[in-house]
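Working notes, structure below.
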Amino acid sequence: MKRILVVDDEPNVRNLVVETLNYIGNYEIMEASTGKEALDIVKNEKPDLIILDIMLPDIDGYTICEQIKENPSLDTLILILSARNSDIDKKVGYGMGADDYLTKPFTLKELIEKVQNLLGE
Amino acid sequence: MKSFEENIKREKFISFLRTIFLLTSLILIKFDLIPTYHPNLFNILLIIYSAYILFTTFLPVYTYPFLYKHQIFSAIDTILIASLVYITGGVVSNLYLFLLFPIISATLRYDFKTSFLCSILVTLIFLYFGIIYKEQEILSSTILRVIELGGLSILLSIFLNYVAKETLKLQLKIKETETFHKINQIINSSLDLDYVLSAILDSSINLLGADGGTIFLKDKETGELIFEKVRGEKEEKLIGKRLKKGEGIAGWVVENGEGIVVNQVLKDHRFSPHFDEITGFKTGSVICAPLKIDNEIIGALEIVNSVYKKPFTSHDLYLVTNFANEASIALNKAILYNIVNTEKERMQRIIENIADGLIILDDKKNIKIVNPIAQDLFSITPDDINKNCKDILKCKDLKGNILCIDCPLDKLSTQNLPYFQYEMKIFPQNRKERILGCNLSALWENSKILDYILAVRDVSVSKELEKLKSEFVANVSHELKTPLTAIKGYSELLLTSSINEEKAKNFIKIINQEADRLTKLINDLLDISKLEAGRIEIRKEVVDIRKIIRNRVSFFKGQTNIHTFILSLPDFPVLIPGDQDRLTQVFHNLIDNAVKYSPKGGEISINIQDKVKMIIVDVSDQGEGISPEYLPYIFDRFYRADSSLTKKKSGTGLGLSIVKSIVDAHKGKINVTSKVGEGTTFTLEFPRDFPVVDPLTKTLFLPFFFPLVWQFINKARERENPFLIGCIKYELDDSLNIREKDVGKQKLAQLLRGFIRVTDMLAHGIGYFYIFIMDTDPLKLQIFQQRLLQSLIAFSKLETGINLDTQFLQFPKNSFSEIINFLNSSFYGLPQEETL
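Residue numbers (this note's numbering), protein chains in the order written: chain Y, 566 to 686; chain V, 155 to 990.
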């Protein structure tokens, strides 16, 4: 069973992602609302995929991205989920090692496609 | 004066010659070297001669102009020398040549008439001598002698006259030349117009030997002539006086543009005697010439002689015209100089007052001119002028690299640009970096740059604002997208059929919540746009700020369980004039902030101090605090202390800006104090700008009653002083018209006023009277209450259409908390919608 970490400080958005994932498949889902929580979970649980918001209360999403990719013991895939939709934001995201980028608001189809794509399903 | 001194010198010389001649002759005769034909006459002559020599040598009469007439002396000389010749033999005398002396002396005086007369006289004398001595001498030789001497004297007179005349002309010419040379020198070397004009006037008077003169300048607007410079008797009386357009000889000259000589002014109709009356001078003759610049007449030079002096000649007019030309040149020069100077000063002032910084550099990039704004921006001191810009300006590009490597100044010449615009950064000492918008151009001459002109404008603020605005847009779009994401996502989930009912309900709840959030956000944005346009509407009602705060606190209590709310509010309504909804927004935003910025929980305390004329509200949290550098900006629109990617708190960054605008619209003040890690306190001040006295009933206006009564009853409770408090609620029937209602209210107020004393209070609200009475004796209060009640019953029976509902409480008969409750509950019946 693939393990996915959903990071967003907005409980409603986070819950939406979780509900969607639950709806499409059988995943083990973890949740975090701050950057620190997210990093702890990534280190300890080593999820397959992290769906990551950029604007978090403590550490920003790009930094989390960078830290995950710098750690050779981790091979977590990263899907950035952000309201920031400028090209620069996307470039920075990819530059920091993100595997894919999805902007808010998103359709469920987009989210499902990107998740399945990343997980090779 | 000078000419008189010259006369004296000449007379001394003539006097000396005369003495030599006469003494030599007398000595020669005395020692029989020349035969004397009339010894007795000689002795008489000896005495006369000695006296005459003594008189002219030791008592020089020529130093007294009023005594001295040189023609008389020429005559005496002629007679004396003729008598000398007579006693020594007349035509055969050895002294006959001395007779030429008067001719010579007259010539030396440039008195050609006298000289000529003398020569005739001498010829006649010889002729006479020839006749009286003819018996002793041969006639032919006598005639010959007469012709010889007479002719000689005439020829000599003519020759000497010619020489003297030419000498005089030459001397005058030299003097004129010298004078004009001097004037030219003065004009060329001095820019002091006053001095130059004085010199020209003095020189022309001196050269002409005149008594006085004036330089007139024309008033361009009125055409009047102003006495600019005056020389002569009582000159100070004339300075600044004016000749009307065309008045006087000068007026005529200015109108006609040509110079004139008028030698008998009293006979000339143009002459204006008015100014002679002022000074007491008697003008005899006048020369006047116009002052011209490029054919425009700007004034006149006038030279005058008194009636006692000789008239002017046409040569004098020629001289005065020349002087006038010199004066015109000087004036023209001064006017041009003034124009240049004024323009220079104007340019200087323009440069100094330009709102942008301006720096002028020479072709070697040395700093030449800097205006105050540029001085301030680049911290340039006067010592830095003429230094190279590289050492002084320290320009950096926007990335902070030194700009001199790729100096924009060079771009003008290398790329042949008319101007060049760029931005740069400077780092002034002890100040924040500044971004400058630069506009560079140059002064060119023959494709070579003479000066660089660098205009700089501090664009830091607008750059910052631009940045804030784009951040604001990013924030807003992010904030809008979050609820949208939820709404869109959950509704999509709902559309998939396999959702159970319980989940669906939950999703709809979330959608509803997020829609609310979206609404609030949009309302905030609308508010801010209204605020930005200054279109916020504030209704002024009597609002209870305490109630608003309680309402918001109970709302937030439902939102958070990690925060404790500590309220320190008066027990009574705190009434201020204000807008219920807007004030609710203020406290909502402030408490919302307090909650957001203390994520670990803690106390949020709200405290009202009622200062009667003003109330102060503090809202404090124990949150993260705001660092001092951000404090001045927190009320700015678009400003968020956390503009980085870490979105610490949700929000548009508009909350505090809205708060401040609303407080401002209430004529209130808002201040913030904060310590990082300890918390933040917002302090609000609202004026209670109600009328203290109700204008209708002339009793205390209700909003002031509560704070005052609060003070009184607290004291009364401490000291256990009995008091009575009553609320008289009245209702006015709709059958009464406005006037009748007013009269009814006033009658009721009058009745109640009859029961109160200085220490008591009577307040009026809308539909209420409050009465507060203190007394040391509870029994008295009881009696008082009964009497008041009876009066009121009587009143309501008498006044139809006014219904009364009365309630009284007494302390300590009623408990303190009972009284508080009573006051609160009775107030809440106050109709809110009645505006002030």
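Glycine included, C-beta positions come from ideal geometry on N, C-alpha and C.
Please read all numbers here as calculations on a predicted model, not as lab measurements.
Residue(s) in a DSSP beta bridge with residue i
| i | result |
| --- | --- |
| V/Val728 | Paired residue(s): none; V/Val728 is not in a bridge. |
| V/Asn742 | Before going further, note that residue 742 of chain V is His rather than Asn in the sequence given. According to DSSP, V/His742 bridges with nothing at all. |
| V/Asp772 | V/Asn761 and V/Thr837 |
| V/His717 | V/Gly756 |
| V/Ser439 | V/Asn459 |
| V/Asp365 | Answer is none; V/Asp365 lacks a bridge partner. |
| Y/Asp570 | Inspection of the sequence shows that residue 570 of chain Y is occupied by Leu rather than by Asp. DSSP, once it has assigned bridges, lists Y/Met595 and Y/Ile615 as partnering Y/Leu570. |
| V/Tyr1001 | Residue 1001 of chain V lies beyond the stretch modelled for chain V, which goes from 155 to 990, so this question has no answer here. |
| V/Pro722 | A quick correction: the sequence has Ser, not Pro, at residue 722 of chain V. Answer is V/Asn761, bridged to V/Ser722. |
| Y/Tyr666 | Y/Ile645 |
Buried versus exposed call for residue i [16 or more other C-beta atoms within 10 Å across all chains shown]
| i | result |
| --- | --- |
| Y/Thr672 | exposed |
| V/Thr242 | buried |
| V/Gln418 | exposed |
| V/Arg585 | exposed |
| V/Val830 | exposed |
| V/Ile162 | exposed |
| V/Asp764 | buried |
| V/Glu165 | buried |
| V/Thr210 | buried |
| V/Ile973 | buried |
| V/Met501 | exposed |
| Y/Asp625 | buried |
| Y/Asn587 | exposed |
| V/Asp843 | exposed |
| V/Phe926 | buried |
| V/Ser969 | exposed |
| V/His335 | exposed |
| V/Lys899 | buried |
| V/Leu590 | buried |
| V/Leu942 | buried |
| V/Asp796 | Low confidence applies here, because V/Asp796 scores a pLDDT of 48, under 50, leaving its location unreliable and the question unanswered by this model. |
| Y/Lys679 | buried |
| V/Lys967 | exposed |
| V/Asn449 | exposed |
| V/Pro731 | buried |
| V/Gln939 | buried |
| V/Asn629 | buried |
8 Å Cβ cutoff met for residue i and residue j
| i | j | result |
| --- | --- | --- |
| Y/Ile645 | Y/Leu676 | no |
| V/Gln575 | V/Cys561 | no |
| V/Ile207 | V/Leu251 | no |
| Y/Leu614 | Y/Leu642 | yes |
| V/Gln734 | V/Ile812 | no |
| Y/Pro612 | Y/Leu570 | yes |
| V/Gly402 | V/Glu387 | no |
| V/Ile546 | V/Lys522 | no |
| V/Asp356 | V/Arg396 | no |
| V/Met578 | V/Cys549 | yes |
| V/Ile508 | V/Asn525 | yes |
| V/Ser358 | V/Ile457 | yes |
| V/Gly755 | V/Ile716 | yes |
| V/Leu552 | V/Val610 | no |
| V/Lys635 | Y/Lys669 | yes |
| V/Ser259 | V/Ile308 | no |
In chain order, what residues of the region 808-826 of chain V put their CB closer than 7 Å to some CB of chain Y? none
At which residue ranges does the region 849-922 of chain V contain complete alpha helix (DSSP H) runs of 4 or more residues, listed in the order of the chain? 856-873 and 892-907
Could you tell me which whole beta strand (DSSP E) segments of length 3 or greater appear in the region 482-532 of chain V? 511-516 and 521-524
Residues in the region 662-678 of chain Y having any Cβ partner in chain V nearer than 9 Å: Thr668, Lys669, Pro670, Phe671, Thr672, Leu673, Lys674 and Leu676
Within the region 608-653 of chain Y, note down every full beta strand (DSSP E) run reaching 3 residues or more, in order along the chain. 614-617 and 642-647
Counting only Cβ-Cβ distances shorter than 9 Å, please list the residues of the region 581-610 of chain Y near chain V, keeping chain order. Leu581, Val582, Glu584, Thr585, Tyr588 and Gly600
Contact list for the region 647-662 of chain Y against chain V, Cβ threshold 8 Å: Ala648 and Arg649
Note down, in chain order, all residues in the region 634-649 of chain V with a beta-carbon under 7 Å from any beta-carbon belonging to chain Y. Lys635, Thr636, Leu638, Thr639, Ala640, Lys642, Gly643, Tyr644, Glu646 and Leu647
By the 8 Å beta-carbon criterion, what residues does the region 566-579 of chain Y contribute toward chain V? Asp574, Glu575, Asn577 and Val578
Can you pull out the residues from the region 762-783 of chain V whose beta carbon lies closer than 8 Å to at least one beta carbon of chain Y? none
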